[in-house]
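Step one of this worksheet: look at the structure below.
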Amino acid sequence: MKIYTKSGDAGSTGLFGGRRVSKSDMRVKAYGSVDELNSFLGLALALIDDDKLARRIVTIQHDLFAIGASLASCIEEPGSEGDKGKTGVPLERVKEMENWIDEVSEQLPELKAFVLPGGVHSAAMLHVCRTVCRRAERGVVEAAEQMWIDSGVIVYLNRLSDLLFVLARAENFKKDSGDVFWKK
Numbered sequence: 006m007k008i009y010t011k012s013g014d015a016g017s018t019g020l021f022g023g024r025r026v027s028k029s030d031m032r033v034k035a036y037g038s039v040d041e042l043n044s045f046l047g048l049a050l051a052l053i054d055d056d057k058l059a060r061r062i063v064t065i066q067h068d069l070f071a072i073g074a075s076l077a078s079c080i081e082e083p084g085s086e087g088d089k090g091k092t093g094v095p096l097e098r099v100k101e102m103e104n105w106i107d108e109v110s111e112q113l114p115e116l117k118a119f120v121l122p123g124g125v126h127s128a129a130m131l132h133v134c135r136t137v138c139r140r141a142e143r144g145v146v147e148a149a150e151q152m153w154i155d156s157g158v159i160v161y162l163n164r165l166s167d168l169l170f171v172l173a174r175a176e177n178f179k180k181d182s183g184d185v186f187w188k189k
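Below you can see the structure in the form of structure tokens.
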């Protein structure tokens, strides 16, 4: 099978369901940012030496793929003809991520100041992932203002950015780097 189709050479792309839209469409930008986040998580994964954390990140990567598929679907509203149930936002993971945040936070020093992104390589990359996640969230919110987007995507990305912040702090703490605090 050839990887190239040439169907996008004029600046359009196909959504699930067959509708073609401009590659500058807000929906395409939204799932492109989610894909970028997934790629950066893959890079973070290459820097992480904790098996439990690595498994969690892979789980999140699978979730993000499902979220990207949901965003790439031309569903006009839930239950419409375009909604075939092939994609879905893994909302059960939101509570699980909250549990992960609580679990990791219990092991960290209390936060008393703003944290600058950085530290050890894995922490710095998780901070990059957090900022890309926030950008993806903003793109999804913007798209949701114009078209139907599963609101669970916004909830998921919001919680994920919180998780990534805590995980970055944890990586620095585990490797005796500590947080880098902002000073006025």
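Counting in the numbering used here, the final residue of the sequence shown is number 189, and the numbers go up one at a time with none missing. Built from N, CA and C at the ideal position, the CB exists for glycine as well.
#### Entry: Same chain only: Cβ atoms within 6 Å of arginine 98, ignoring 5 sequence neighbours per side
Residues of the same chain with a CB within less than 6 Å of the CB of arginine 98, apart from the 5 flanking positions on each side, are Asp68 in chain order.
### Task
Spatial neighbours of methionine 31 within its chain, please: CB distance less than 8 Å, with the 5 preceding and 5 following residues excluded, ordered by chain position.
Listed in chain order, the non-local C-beta contacts of methionine 31 below 8 Å within the same chain comprise Gly144, Glu147, Ala148, Gln151 and Met152, local neighbours out to five positions each way being set aside.
### Message
Alpha carbons only, please: which of Gln112, Glu111 and Lys34 is nearest the one belonging to alanine 74?
### Response
Here the closest residue by C-alpha is Lys34.
### Message
DSSP three-state label for valine 120, please.
### Response
When DSSP states are grouped into helix, strand and coil, valine 120 belongs to the strand group.
### Query
Which residue's Cα is closest to the Cα of alanine 77: Asn177, Arg24 and Ser156?
If we check each option's Cα against that of alanine 77, Arg24 comes out closest.
### Task
Taking the CB atoms as reference points, tell me whether methionine 130 and leucine 42 lie closer together than 8 Å.
Leucine 42 sits away from methionine 130, with the two beta carbons spaced by 8 Å or more.
#### Entry: Local Cβ density within 10 Å of leucine 116, reported as buried at 16 or more and exposed below that
Burial check for leucine 116: the Cβ neighbour count within 10 Å stays below 16, so the residue is exposed.
#### Entry: serine 78 in three-state terms, based on DSSP
Note: serine 78 maps to strand in three-state DSSP.
### Task
Go through its chain and collect everything with a Cβ distance to leucine 168's Cβ below 7 Å, but skip five positions before and after it.
The residues Met102, Trp105 and Ile106, in chain order, have a CB closer than 7 Å to that of leucine 168 in the same chain once the five nearest residues on each side in sequence are set aside.
### Bridge-paired residues (DSSP) for valine 185
According to DSSP, valine 185 bridges with Leu121.
### Task
Could you give the DSSP three-state label for glutamine 151: helix, strand or coil?
Correct three-state label for glutamine 151: coil.
### Query
Short check: CB of leucine 172 to CB of isoleucine 65, under 8 Å?
With respect to isoleucine 65, leucine 172 sits apart: the two C-beta atoms are not nearer than 8 Å.
### Message
Between the alpha carbons of glycine 183 and arginine 60, how many angstroms are there, rounded?
### Response
The alpha-carbon atoms of glycine 183 and arginine 60 are separated by roughly 24 Å.
### Task
From the DSSP output, in three-state form, read off valine 94 for me.
In the structure shown, valine 94 sits in coil (DSSP, three-state: anything other than H, G, I, E or B).
### Query
Taking the C-alpha atoms as reference points, what is the distance between glutamate 108 and alanine 175?
Rounded to whole angstroms, glutamate 108 to alanine 175 spans 11 Å at the Cα level.
### Residue closest to phenylalanine 178, alpha-carbon to alpha-carbon, out of Gly123, Cys134, Arg140 and Pro95
Shortest Cα-Cα distance from phenylalanine 178 to any of Gly123, Cys134, Arg140 and Pro95 involves Gly123.
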